[in-house]
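Since the structure comes first, as structure tokens, the remarks are kept for the end.
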Amino acid sequence: GGISVHPTAASVNSSRRVTKKVKSDQMEEYPSRQISRKKGKTSNSDSRWSKRFTWPDELHRDFVSAIFEVGLKHSSPSAIMEFMHPNPQVTSERVKSHLQKYRLNRQKSRKEFM
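In this note's numbering, the protein residues as written are 3 to 116.
Here's what the structure looks like:
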């Protein structure tokens, strides 16, 4: 007797939770759309969105030499930044992105060579 009561009680509770989740998701859907629209617009007063950063040759050479110091397999943005000369333009986010591109381009060039 006691065994059959527990699964039904659990299923009722879980179905209630699911419906609550769905309702909250539907309510949050509209504000998030409006926020994303605002992000798309770039105005001069909005300083969050800056121009795309291009790596100068000298900075890129410093980046590559840091990778050779650390080793490509063991390279992480923090490890690369330790071996690079301090520069206010270089952030961990930029190093992370540049490392990602560097690895992809290296794979492509190796495939073309082989």
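From the three backbone atoms N, C-alpha and C, an ideal C-beta is built for every residue, glycine too. All of these numbers come straight from a predicted model, not from anything done at the bench.
- Boundaries of the alpha helix (DSSP H) around H62: 59-72.
- By the CB criterion at 7 Å, P79 and V66 fall outside the cutoff.
- In the DSSP assignment, Q102 falls within the alpha helix (DSSP H) that extends over 94-115.
- The alpha-carbon of N89 is positioned some 14 Å away from that of D59.
- Minimum Cα-Cα distance from M83 among the listed residues V92, H76, S99 corresponds to V92.
- Under the three-state reduction of DSSP output, P90 falls in the coil class, being neither helix nor strand.
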